[in-house]
Amino acid sequence: MSEILLLHASPGPPSNPVILCRFPVQERQLPAACGPFRPDSGRLGTLRRYSVTGVESYNAYMPQRTPALLVAALAGPQPLTLPQLQQALHGASRTTTFRYLRQVSYRRSYNCNGRFYAHIDPQRFDRFGLLSIGTARFSRDRTLTRTVPRLIAESEAGWTDKELRSLLHVPVRPFLLSALRAELVQRDTLHGVFVYFAADDQLAQRQREQRLQRRPRSVALDSPLVIEVLLAVIRHPAAGPAQLARHLQGHSPPIELSHILAVLDRFDLPQAVEKGGPASC
Numbered sequence: 039m040s041e042i043l044l045l046h047a048s049p050g051p052p053s054n055p056v057i058l059c060r061f062p063v064q065e066r067q068l069p070a071a072c073g074p075f076r077p078d079s080g081r082l083g084t085l086r087r088y089s090v091t092g093v094e095s096y097n098a099y100m101p102q103r104t105p106a107l108l109v110a111a112l113a114g115p116q117p118l119t120l121p122q123l124q125q126a127l128h129g130a131s132r133t134t135t136f137r138y139l140r141q142v143s144y145r146r147s148y149n150c151n152g153r154f155y156a157h158i159d160p161q162r163f164d165r166f167g168l169l170s171i172g173t174a175r176f177s178r179d180r181t182l183t184r185t186v187p188r189l190i191a192e193s194e195a196g197w198t199d200k201e202l203r204s205l206l207h208v209p210v211r212p213f214l215l216s217a218l219r220a221e222l223v224q225r226d227t228l229h230g231v232f233v234y235f236a237a238d239d240q241l242a243q244r245q246r247e248q249r250l251q252r253r254p255r256s257v258a259l260d261s262p263l264v265i266e267v268l269l270a271v272i273r274h275p276a277a278g279p280a281q282l283a284r285h286l287q288g289h290s291p292p293i294e295l296s297h298i299l300a301v302l303d304r305f306d307l308p309q310a311v312e313k314g315g316p317a318s319c
């Protein structure tokens, strides 16, 4: 036989009681599973224990929640997940946790589906306004939608998709295309590769001039070689450059990794993240 522990507002009879837990009738103390009831914080209501022996009432208290609890948790050396933030607020709901988050300064990771949260001193960001803590990556702009156009506007010679992927360690093509449609950046083809420049015409012209001064090592690409690489991409869509090179082994004449990279760049094709690359979240 067991008792049922109900919670309702006090005073007055229960209207819509909430079942907190059930426990054996022989137990005379509240089990830990019923939650943290502390007498040094705000009154929550009345706990009533219903059993065959009658009704017993207890005062129930909820731990006091303040933004300071989140500030202390976020100040740690490692970023936290939402469940950890909820725990720091004594088991708060998602809605309550987000309400308190709006009252503190924090950054949410732009990778890992925004899984990680941290309070970051602005001085910790690098010259690109980025910071990595383990596998979590943060931007001073909070989102990639803002970060990508800002990086392009601040660059000396614009950025290619490949260069930004290498810097941010995440796919950026959707954000580049979104910024292009919103006229936040410009795009030109230089040396057979799409290069993204600032939206301001004068700044973009200076970036083009700097980019044209760079002399990339030319890679000879004839039509049969390009076709073979593109066919390999179609057959193995999840493969990265090195994996494509393995699939193309034995081709005559040989197709090297530099050829594959040149073809991917020429057609602005995304490069899959390979095993052994950046750590997963």
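Numbering (my numbering), first residue to last: 39 to 319.
Every residue gets a Cβ at the ideal spot worked out from N, C-alpha and C, and that includes glycine.
Comparing alpha-carbon positions, which option in Ala220, Arg140, Thr173 and Asp260 lies nearest Asn151?
Thr173
Just reading off the alpha helix (DSSP H) that Phe232 is part of, what are its end residues?
No alpha helix (DSSP H) contains Phe232, which is instead part of the beta strand (DSSP E) from Val231 to Ala236.
Express the C-alpha separation of Ser216 and His285 in angstroms, rounding to a whole number.
33 Å
Within the same chain, show all residues whose beta-carbon is closer than 6 Å to that of Asp226, passing over the 5 residues directly before and after it, in chain order.
Val233
Using 10 angstroms around the beta-carbon of Gln224, count the other beta-carbons present and answer buried if the total reaches 16, otherwise exposed.
buried
My understanding is that Val210 touches Val186, with C-beta atoms under 8 Å, so please give their C-beta distance in whole angstroms.
6 Å
DSSP state of Asp306, grouped into three classes?
coil
Could you tell me the distance, in whole angstroms, from the CA atom of Tyr148 to the CA atom of Gln141?
20 Å
Leu299 versus Pro279: straight-line alpha-carbon distance, rounded
7 Å
Would you identify the three-state DSSP class for Ser147, choosing helix, strand or coil?
coil
If you follow the beta strand (DSSP E) that Leu214 is part of, which residue opens it and which one closes it?
From DSSP, Leu214 is part of no beta strand (DSSP E) but of the alpha helix (DSSP H) over Arg211 to Arg219.
If you follow the beta strand (DSSP E) that Ser290 is part of, which residue opens it and which one closes it?
Here Ser290 belongs to no beta strand (DSSP E), and DSSP marks it neither H nor E.
Beta-carbon proximity list for Arg113, same chain, < 8 Å, skipping 5 on both sides:
The displayed chain sequence assigns Ala, not Arg, to residue 113. Closer than 8 Å at the Cβ level, and outside the excluded window around Ala113, lie His157.
Please classify Thr198 as buried or exposed, where buried requires at least 16 neighbouring CB atoms within 10 angstroms.
buried
If we count the other Cβ atoms within 10 Å of its Cβ and call it buried at 16 or more, is Ala270 buried or exposed?
buried
Tell me the residue span of the beta strand (DSSP E) that contains Thr227.
Val223 to Leu228
First through last residue of the alpha helix (DSSP H) which encompasses Phe136
Arg132 to Leu139
How long is the line joining the alpha carbons of Glu266 and Ala277, rounded to whole angstroms?
15 Å
Going by the beta-carbon positions, is the gap between Tyr336 and Leu107 smaller than 7 Å?
Since the first residue of the chain shown is 39 and the last is 319, residue 336 is not available in this structure.
Thr135 classed as buried or exposed, judged by whether at least 16 other C-beta atoms fall within 10 angstroms:
buried
Which first and last residues belong to the beta strand (DSSP E) in which Ala174 is found?
Ala174 to Ser177
Specify the secondary structure class of Gly204 as computed by DSSP and reduced to three states.
It should be pointed out that residue 204 corresponds to Ser in this sequence rather than to Gly. If DSSP states are grouped into helix, strand and coil, Ser204 belongs with the helices.
Pro291 versus Asp306, Asp260, Ala126 and Gln125, residue with shortest Cα-Cα distance
Asp260
Do Leu228 and Arg249 come within 7 Å of each other at the CB atom, strictly closer than that value?
yes
Could you spell out where the beta strand (DSSP E) holding Ile171 opens and where it closes?
Leu168 to Ile171
Pro187: first and last residue of the uninterrupted alpha helix (DSSP H) it sits in:
Leu182 to Glu192
Taking buried to mean at least 16 other C-beta atoms within 10 Å of its own C-beta, is Asp159 buried or exposed?
exposed
Status (buried if at least 16 other CB within 10 Å, exposed otherwise) for Arg162:
exposed
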